[in-house]
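In our numbering, the protein residues as written are 140 to 816.
Glycine included, every Cβ here is placed at the ideal spot set by N, Cα and C.
Keep in mind it's a predicted model, so treat the numbers as computed, not measured.
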Amino acid sequence: MSYSKVLVNRFLIVLVLCTFIVLSTIFISRSLQTEQFVSVLYNPKEKVERVSMLIKEWSLSKSSLDQKINDQDKNNTNSKNLIHFIDQFSCNQRVKNIIYTSSIKTLQKYSSITGEKFIESIRRYYYPFAGNNCIKIIQDLDVINRINLRVTEKELDTRKIVKTFLTENIGWHEKGLCIYHKLLSEDLVYLAGPVKRCIIERDNIYLTYNFPDLDSLIDSASRLRETIRIKNVHKDISKKVGYEGFDYILTLDPEIQTSLNFLAECFEGSELCKSANFSFDRLEGISVVLIDPLTSGILGIKCLGNFCSENGMDHLGDLATLTVRSPPASISKIFFGLGIASEGKVDSFELTNQLKTSGSNENLSGKRNEWWERAAICDDSAEKKTCVTLVRTSYFANMLGFSTTCTNNLVFGTTEKFHKAFDPSCGSVSIIADGHEVDTYISPFLGYLPTQDSLYLNERGIAEFLSWDKYNKYRGDSSESVVGNDRRLGNTSQIIQTSIGGGNSRVSALGVASTIANLSQIKNNMYPKLPFLLKKNNNQPLIYKVEKFISEEDSKAAQIVLNGLEKTLLPETADWKGVGTASSAFARTFDKICERSCPVKGKTGTVSFQDKNHKGKTLFGGLTNIKQLADLIDSNIKITDYKSVAIGVIVSEKGISDVTNRAADIHMKLLKYIFFD
């Protein structure tokens, strides 16, 4: 018995010592390792030079691209000459057969070279034809046939391509993301990603050299490539991810993006722009996003000015427009309008006209937004009851991708001392449709409406508010100590500020465009699709939220709000005082007036001049039926791929503007310039 105990004790001691040694070895080895691992790269220099020279000799000239050689006699001659030539090699018959097959394949691929030229090249680089040289011929021809034919000297250096193809990198985990533009023919045009993975090792990949109109997409694609990395979603290493797992299509429309790039010249004061009535005098910044309301794919982006480079966004280029933010001002009335309409207690005539003129001056209090403020806090309801309007507003905001709870996640700019720009839980959205397999260093921001944040709740868990009259009295005279000590004051102030797009509320041009597009989708009984810039090239339908059901009351609410946004473009009527807030911008641009209906529906927003950090900013979101607008203005459509388009614009301007809403003015001009002759 004691003998067994001794053995057990010895075994345990040995086990502990072995464990200690193993752990010590691991610890020491890790401590000696540097943080940065240098990849071990190997490339066969002699082979790179040899293959590069052969490709250069055999490459097609541009003039011969359309001249396919189909001469059967010539093919027969090549075949006979090759058989006679290869028969002289000191290789076994099987190797000769492989060389012959590879040679015929190469001649078919490089159809501009003759059999004589091919034989001459082989003789120059591989003589004597024995042993290892026979194997070299097979290996080199295999590389030449695998390298994509469409890669030409004019686009990329041949030697660099071959070197990239033949270089081995042990950093296999650095998987490359390939970004393409998809043609109507379903063919792909390379925009960004590792050359070897995305072009050389692939079939039928075109380069922008053949499609110069796609140049406008390259910059954004390259910047996107730098912000994305692949997640290791396949924990089982035996499951390899094919190339298609890393192929993504950029949704930007090249024609639209080219037109937007014209803005850069206008922003710099080009005389050509002024002649086209695109004068951007006194503007400090412009942020623009176009979305296809049918798919929610982002069609165009442009960011110009100082606010595109603040908070470390200068490296993002036009992608900065996805994160540049502003107080939404009256854009927030879209969400409160949905909440009010879905509750069904307010006459749609009143609501749509309040949207039309963004408030009313026909109030005894003299407060333009009195109607909106009262509705936001359910001023007409009994005390200690849940404000259903606020609940419904939060519901729609969340449905449309806006956050209503960002406690401790501040979304302000650096000028406001706080900044947490890309917090994924605070109004952000994936840049990629169904992008669960990727990590991105940029999270497009939609918006934040603090309708549920930091509210004081009573003993029943209900947020209570002051009456609007009491709040308005305190707002006019803050010495009202009785009200000032009431804990309901904070709730009332926060929600009223949010209802008119002030306080801590924020939105981006992407959020403005997306909101307008989503309204159209909800109206058509579609669950709203959040915007995206990349999608997988797998021809599979996108997987959106599980909740695909839209209730009748939600659809009806969206229709009522859209009716109000249509009135924004209409002139004053006998039954409502005031013109639509965007009517003058439309008339000035298109030299037409929408009388009873309009193909453009939109909402303006003007940040208060009392906001020292954002004064001078205006916003506009518009939804346009392109064909109906073409009929109204009697113009031809330049881009016919879309039935409608949603556009979000944020503008920052110095001084007092000479137009009612500068963002609406620029929206109309962009609409005309991009889509119509």
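Quick one: grab the DSSP three-state call for residue i.
i: A803; result: helix
i: F385; result: helix
i: V485; result: coil
i: S567; result: strand
i: G650; result: helix
i: V190; result: helix
i: F729; result: helix
i: G703; result: helix
i: D720; result: Contrary to the premise, residue 720 reads as Thr rather than Asp in this sequence. Looking at T720 - three-state DSSP - the assignment turns out to be coil, as it is neither helix nor strand.
i: K675; result: strand
i: A713; result: coil
i: K695; result: helix
i: K495; result: helix
i: S200; result: Per-residue confidence for S200 stands at a pLDDT of 40, beneath the threshold of 50, marking its modelled position as unreliable; no derived number is given.
i: G270; result: coil
i: K742; result: strand
i: T397; result: helix
i: N231; result: coil
i: L669; result: coil
i: F815; result: strand
i: V798; result: coil
i: L438; result: strand
i: F759; result: strand
i: G787; result: strand
i: N663; result: coil
i: S260; result: helix
i: S542; result: strand
i: I425; result: strand
Just checking my contact of residue i with residue j at CB under 8 angstroms: how many whole Å lie between their CB atoms?
i: G650; j: F541; result: 7 angstroms
i: I127; j: K674; result: Given that the chain is displayed from residue 140 to residue 816, the structure contains no residue 127 and the question cannot be resolved.
i: F671; j: I570; result: 7 angstroms
i: G586; j: V646; result: 4 angstroms
i: I252; j: N220; result: Actually they do not touch by this definition, with Cβ atoms about 13 angstroms apart.
i: I238; j: I277; result: 6 angstroms
i: L402; j: I425; result: 7 angstroms
i: I790; j: L422; result: The sequence given here has Val at residue 790, not Ile. Indeed, because the Cβ distance is near 6 angstroms, the residues count as touching under 8 angstroms.
i: L429; j: V190; result: Actually they do not touch by this definition, with Cβ atoms about 45 angstroms apart.
i: N657; j: L539; result: 5 angstroms
i: L605; j: D625; result: 6 angstroms
Within 10 angstroms of its Cβ, does residue i collect 16 or more other Cβ (buried), or is it exposed?
i: Y266; result: exposed
i: E603; result: buried
i: S242; result: buried
i: T553; result: Note on T553: pLDDT 38, under 50, position unreliable in the model; the coordinate value appears next. Exposed.
i: H143; result: One point to set straight first is that residue 143 is Ser, not His, in the sequence displayed. That one is exposed.
i: H806; result: buried
i: K793; result: exposed
i: S324; result: exposed
i: L151; result: exposed
i: F304; result: buried
i: E501; result: exposed
i: A99; result: Because the chain spans 140 through 816 in this model, residue 99 falls outside it and cannot be assessed.
i: A269; result: exposed
i: D279; result: buried
i: D342; result: exposed
Between residue i and chain C, is there a C-beta pair that is closer than 8 angstroms?
i: L708; result: Structure shown: chain C not included; a single protein chain is present.
Fill in: Sufficient close CB pairs (3 or more, under 8 angstroms) joining the segment 762-777 to the segment 726-744
Yes: the two stretches touch, three or more of their Cβ pairs being nearer than 8 angstroms.
Worksheet item: Which runs of the alpha helix (DSSP H) fall wholly inside the segment 441-486 and span at least 4 residues, in chain order?
Response: Correct list: 472-482.
Worksheet entry | the segment 478-487 in contact with the segment 690-697 per 3-pair CB rule at 8 angstroms | Yes: the two stretches touch, three or more of their Cβ pairs being nearer than 8 angstroms.
Practice prompt. Answer yes if the segment 154-168 comes into contact with the segment 222-230, meaning at least three C-beta pairs across the two stretches below 8 angstroms, and no otherwise.
Written response: The segment 222-230 vs the segment 154-168: no contact.
Practice prompt. Report the residue ranges of all beta strand (DSSP E) runs contained in full by the segment 310-370; include only those spanning at least 3 residues, in chain order.
Written response: Taken in chain order, the complete beta strand (DSSP E) segments of 3 or more residues contained in the segment 310-370 are 317-321, 327-331 and 367-369.
Worksheet item: Can we say the segment 431-444 touches the segment 607-618, given the rule of at least three CB pairs closer than 8 angstroms?
Response: As far as the Cβ criterion goes, the segment 431-444 does not touch the segment 607-618, which means the pair count is below three.
Worksheet item: Are at least three pairs of beta-carbons, each pair with one atom in the segment 785-803 and one in the segment 387-402, less than 8 angstroms apart?
Response: Pairwise C-beta distances place the segment 785-803 out of contact with the segment 387-402, as fewer than three of them are shorter than 8 angstroms.
Discussion item. Quick check for students: name the residue ranges of the beta strand (DSSP E) that lie wholly in the segment 585-651, counting only runs of 3 or more.
Written reply: If we require 3 residues or more, the beta strand (DSSP E) runs fully inside the segment 585-651 come out as 645-647.
Item to complete: Pick out the complete alpha helix (DSSP H) segments inside the segment 513-539, 4 residues or longer, and give them in chain order.
Response: Inside the segment 513-539, DSSP marks whole alpha helix (DSSP H) runs of 4 or more residues at positions 527-538, from first to last along the chain.
Worksheet item: Does the count of Cβ pairs from the segment 491-501 and the segment 715-722 closer than 8 angstroms reach three?
Response: Short answer: they touch.
Worksheet item: Does the pairing of the segment 632-640 with the segment 769-778 give three or more beta-carbon distances under 8 angstroms?
Response: Judged by Cβ distances under 8 angstroms, the segment 632-640 makes no contact with the segment 769-778, as fewer than three pairs qualify.
Worksheet item: With contact counted as at least three CB pairs below 8 angstroms, one residue from each stretch, are the segment 587-602 and the segment 447-457 in contact?
Response: Counting Cβ pairs under 8 angstroms, fewer than three are found: no touch.
Discussion item. Would the segment 719-735 count as touching the segment 510-520 if we require 3 or more Cβ pairs under 8 angstroms?
Written reply: Not touching, per the Cβ criterion.
Worksheet item: Is the segment 751-758 in contact with the segment 705-715, if contact means three or more CB pairs nearer than 8 angstroms?
Response: Counting C-beta pairs with one atom in each stretch, the segment 751-758 and the segment 705-715 have fewer than three that are closer than 8 angstroms, which means they do not touch.
Fill in: Contact the segment 463-473 vs the segment 741-752: 3+ CB pairs below 8 angstroms
The segment 463-473 vs the segment 741-752: in contact.
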